[in-house]
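Line order of the protein sequences matches chains A and B. With the first letter of the first sequence counted as 1, position 271 gets the number 270 in numbering that gives the first Met the number 0; the numbers rise by one all the way through. With the first letter of the second sequence counted as 1, position 94 gets the number 93 in numbering that gives the first Met the number 0; the numbers rise by one all the way through. Every residue gets a Cβ at the ideal spot worked out from N, C-alpha and C, and that includes glycine. Small disclaimer: the values here were computed from a predicted structure and weren't measured. Notes for the one structure printed next.
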Amino acid sequence: MSVLLNVENLKTYFRTYRGLVKAADGVSFSVNEREIVGLVGESGCGKSVSMLSVLQLISTPPGEIVGGKVLFDGKDLLQFDAKGPQMCSIRGGKIAMIFQEPMTSLNPVLTIGRQLTEMLELHLHMDKEAARERAAELLRLVGIPDPETRVHDYPHQFSGGMRQRVMIAMALSCNPRILIADEPTTAVDVTTQSQLLELMKDMVMRFNTSLVVVTHNLGVVARYVQRIYVMYAGRIVESGLSKDIFAHPRHPYTIGLLKCVPRLDEAQGRKLVPIDGLPPNLIGMPPTCAFLPRCGAKIERCTYEPWPALRLVGHEHYVSCYVDTQEMR
Amino acid sequence: MKGTQGDTLAEVKNLKMYFPVTRGLLRRKVADIKAVDDVSFQIKSRETLGLVGESGCGKTTVGRCILRLYHPTSGQILFNGHDISAMPERKIRPLRCGMGTIFQDPFGSLDPRQTAGSIVGEPLRIHGMVNRRDFHERVSELFRLVGLDPSMMDRVPHEFSGGQRQRLGVARALACRPALVVCDEPISALDVSIQAQIINLLEGLQEKLGLTYLFIAHDLSVVRHISNRVAVMYLGRIVEITSSQELYRNPLHPYTRALLSAVPIPDPVVEEKRERIFLKGEVPSPLNRPSGCHFHPRCQLAIADCSQVMPPLRDVGGSHEVSCIRV
């Protein structure tokens, strides 16, 4: 498996009137070919910002990508102008993205068909007729019944799950190398969620696309993802193969996350172990580990040393913590 | 107000709640949305009954009917032995003291211009529960009860985090010392690491104050965790109701099985071995529900009879009730 996308030390900061927000502060991750990668974290930890930075979709001001590299196909995407032709052909063409809220990412005044053909004409230079046929075919592929008539419908005529299916069709229309799904199923019901995730999995397998799933749902990650990155306060705190992270989590935050969610198969009467305190405010963060105020495993060293760098603790398993948490589980 | 364990605190019998669909200038009624259609269940004192289902299945409407925030179309709602389904508003008011509500949205459900103390104490003022002298003390007590510092009483909602706001919501629900608390998706708007804090708070309060919960949520793993019994709803009807242990070990209704299989378990090893059921299509509109068993167009076990008869809930033993002719 070769590396398709390699993000190195990405830094995206937002200048707000209250201070500098380091939304992504030295994020590094990679995506291999035909791999499903998960980026896990709570709201505000910088997972969406990292993904938007890859496609240079950060609005400047207030945001700014201040450093790092996004290597794709041997080129650093951050060297390209955000509005330039190279970036435009990659965005949607080579790297596609699905957003959380399908209603706000579809244009309400254009038909679904038009929104699909727009991409096909732009990226694949299809003529109108061919694009229209392809659009209907794509809709059928993602399981929308009666696609020939549905292409003339507007987004509001579709249900939430169907809209997300349209988004998937749209994202895959130009046969991208990577599909980034940013909380693709947060706004839908569980049965729809499992339908959509299964659809995405089938699609990426069929098209040989890599998939990056951004989510806060550990269950989704366990079911579909091969490799996991856990984010906290703008940094990756742990990464590794899915089976290793779930079996032997090493960062106190990851351990906490796994203990605080109720499981369907748990014994009756199990008490949840919540993570104390609150997610951090990203303004004016101290240089020490951001998880320190909530950490149950902290040692003296944590209080004065800077945020620990990721260190290798197992096969492809990295953790950013001074504490050896192996006995703690 | 509080019963002993095992007594029925609230009961719903053949509850129906239809919302009219109107059209045209004269707002002529053209159809009914049958949000809740012939639902019956009991809530025993000091237990947690979970109500689970996908959006639009009528679970919130059931909760609001029990609080009599809606005027039900027909059916009985018994609270502490009183039938409140047709009671006039002025008679319900004193009974409402015995019920609290926790809402889903910790942002929308708190008045941004009131102080936290005033929000939490509002039920006390409305019901005249305490005199002015004791007001401050009671509100402080409520703050401590939900794990908030009483010194935060003078702050306004935006100064609190999501989890703290939901604690305010819990404190407000408990202000009048209710017996029954309707929790309508109380944690779904919160961060994963905060959800457990609120779940544990609710569990602790139940033990301490002998509360009874109607816990409405769409997340089956949360509902199973907190509930003693679980009712599964689909398009306005209860399709299965049983103890939460039994629901996981021995789900009978095909919809319950599909719902359970759709909830991922955060463990790749377990996930690999699990049986998966995928439902066809989507939940139909409540305006245009399928005939017979509403689930039959999506059901893998459906036979011709399923589109003809609406199966009633029947007991299959061990107070496990299911509405399906195929099991």
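What separation, rounded to the nearest whole angstrom, lies between the Cα atoms of residue i and residue j?
| i | j | result |
| --- | --- | --- |
| MET0 of chain B | PRO105 of chain B | Unreliable placement is indicated for MET0 of chain B, whose pLDDT of 45 sits below 50; no coordinate value is reported for it. |
| ARG273 of chain B | GLY43 of chain A | 32 Å |
| LYS90 of chain B | ASP188 of chain A | 38 Å |
| LYS242 of chain A | VAL2 of chain A | 20 Å |
| GLU320 of chain B | TYR252 of chain A | 41 Å |
| ASN216 of chain A | ASN130 of chain B | 47 Å |
| ILE64 of chain A | VAL53 of chain A | 10 Å |
| TYR254 of chain B | SER318 of chain B | 19 Å |
| ASN280 of chain A | GLY18 of chain A | 11 Å |
| GLN194 of chain A | ARG124 of chain B | 49 Å |
| GLU271 of chain B | TYR223 of chain A | 10 Å |
| THR184 of chain A | GLU120 of chain A | 28 Å |
| TRP306 of chain A | ARG325 of chain B | 59 Å |
| GLU121 of chain B | ARG171 of chain B | 8 Å |
At what residues does the alpha helix (DSSP H) containing residue i begin and finish?
| i | result |
| --- | --- |
| ARG262 of chain A | Looking at the DSSP string, ARG262 of chain A is not in any alpha helix (DSSP H), and its letter there is neither H nor E. |
| VAL221 of chain B | 219 to 225 |
| HIS135 of chain B | 131 to 144 |
| PRO101 of chain A | 101 to 104 |
| LEU240 of chain A | No alpha helix (DSSP H) contains LEU240 of chain A, which is instead part of the beta strand (DSSP E) from 234 to 240. |
| THR148 of chain A | 146 to 149 |
| VAL220 of chain A | 217 to 223 |
If you reduce the DSSP assignment to three classes, tell me which class residue i lands in.
| i | result |
| --- | --- |
| ASP201 of chain A | helix |
| THR191 of chain A | helix |
| VAL163 of chain B | Residue identity differs from the one stated: residue 163 of chain B is Gln in this sequence, not Val. GLN163 of chain B: helix per DSSP, three-state reduction. |
| ASN207 of chain A | coil |
| GLY107 of chain B | coil |
| PHE245 of chain A | helix |
| VAL321 of chain B | strand |
| PRO19 of chain B | strand |
| LEU311 of chain A | strand |
| GLU128 of chain A | helix |
| MET0 of chain B | Because MET0 of chain B sits at a pLDDT of 45, beneath the cut-off of 50, its placement in the model cannot be relied upon, and the point is left open. |
| LEU258 of chain B | helix |
| ASN31 of chain A | strand |
| ARG313 of chain B | strand |
| ARG328 of chain A | With a pLDDT of 47 at ARG328 of chain A, under the threshold of 50, the modelled position of that residue is not reliable, and no figure is offered here. |
| GLY40 of chain A | coil |
| ARG63 of chain B | helix |
Taking Cβ-Cβ distances shorter than 7 Å, what residues in chain A pair up with residue i?
| i | result |
| --- | --- |
| ASP266 of chain B | ALA221 and PHE245 |
| GLU270 of chain B | ALA221 and ARG222 |
| GLN234 of chain B | It should be noted that the sequence gives Leu, not Gln, for residue 234 of chain B. Here the premise fails: no neighbours, minimum Cβ distance about 13 Å. |
Do residue j and residue i come within 7 Å of each other at the CB atom, strictly closer than that value?
| i | j | result |
| --- | --- | --- |
| THR116 of chain A | ARG139 of chain A | no |
| VAL322 of chain A | ILE298 of chain A | yes |
| ILE327 of chain B | LEU109 of chain B | This structure cannot settle anything about residue 327 of chain B, because the visible part of chain B is limited to 0 through 326. |
| VAL165 of chain A | ILE244 of chain A | no |
| THR241 of chain B | SER44 of chain B | no |
| VAL69 of chain A | VAL6 of chain A | yes |
| SER243 of chain B | LEU277 of chain A | no |
| ILE237 of chain B | VAL51 of chain B | no |
| CYS292 of chain B | PRO310 of chain B | yes |
| GLY218 of chain A | PRO283 of chain B | no |
| ILE197 of chain B | GLN165 of chain B | yes |
| VAL181 of chain B | VAL145 of chain B | no |
| LYS15 of chain B | ASP36 of chain B | yes |
| ASP181 of chain A | VAL203 of chain A | no |
| GLY40 of chain A | MET230 of chain A | yes |
Which residues in chain B have a C-beta closer than 7 Å to the C-beta of residue i? List them in chain order.
| i | result |
| --- | --- |
| HIS215 of chain A | VAL191 |
| SER158 of chain A | GLU281 |
| ILE274 of chain A | SER192 |
| GLU197 of chain A | PHE277 |
Show which residues of chain A have a CB atom less than 8 Å away from the CB atom of residue i.
| i | result |
| --- | --- |
| LYS32 of chain B | In the sequence as displayed, the identity of residue 32 of chain B is Ile instead of Lys. Per Cβ cutoff of 8 Å: no residues; ILE32 of chain B is ~16 Å from chain A at best. |
| LEU278 of chain B | THR190 and GLN194 |
| LEU219 of chain B | VAL189 and LEU263 |
| ARG179 of chain B | Residue 179 of chain B is actually Leu in this sequence, not Arg. Neighbours of LEU179 of chain B on chain A: none; closest Cβ ~22 Å, over 8 Å. |
| ARG124 of chain B | Within chain A, no residue comes near ARG124 of chain B; the closest Cβ sits about 30 Å away, beyond 8 Å. |
| TYR247 of chain B | LEU263 and ASP264 |
Tell me which residue opens and which closes the beta strand (DSSP E) that residue i is part of.
| i | result |
| --- | --- |
| ILE179 of chain A | 177 to 181 |
| MET230 of chain A | 226 to 231 |
| LEU41 of chain B | Checking the sequence shown, residue 41 of chain B turns out to be Gln, not Leu. Where GLN41 of chain B is concerned, the enclosing beta strand (DSSP E) stretches over 27 to 43. |
| HIS157 of chain B | Careful: HIS157 of chain B lies outside any beta strand (DSSP E) and carries neither H nor E. |
| SER192 of chain B | SER192 of chain B -> not in any beta strand (DSSP E); alpha helix (DSSP H) instead, spanning 191 to 208. |
Can you pull the chain C residues whose beta carbon is under 8 Å from the beta carbon of residue i, in chain order?
| i | result |
| --- | --- |
| GLY162 of chain B | Looking at the structure shown, chain C is missing, and the protein chains on hand are A and B. |
Just the chain B side, please: which residues come within less than 8 Å of residue i by C-beta, in chain order?
| i | result |
| --- | --- |
| GLY255 of chain A | SER192 |
| GLU41 of chain A | ASP190, VAL191 and SER192 |
In chain A, which residues lie less than 9 Å from residue i when you measure between Cβ atoms?
| i | result |
| --- | --- |
| LEU8 of chain B | Neighbours of LEU8 of chain B on chain A: none; closest Cβ ~22 Å, over 9 Å. |
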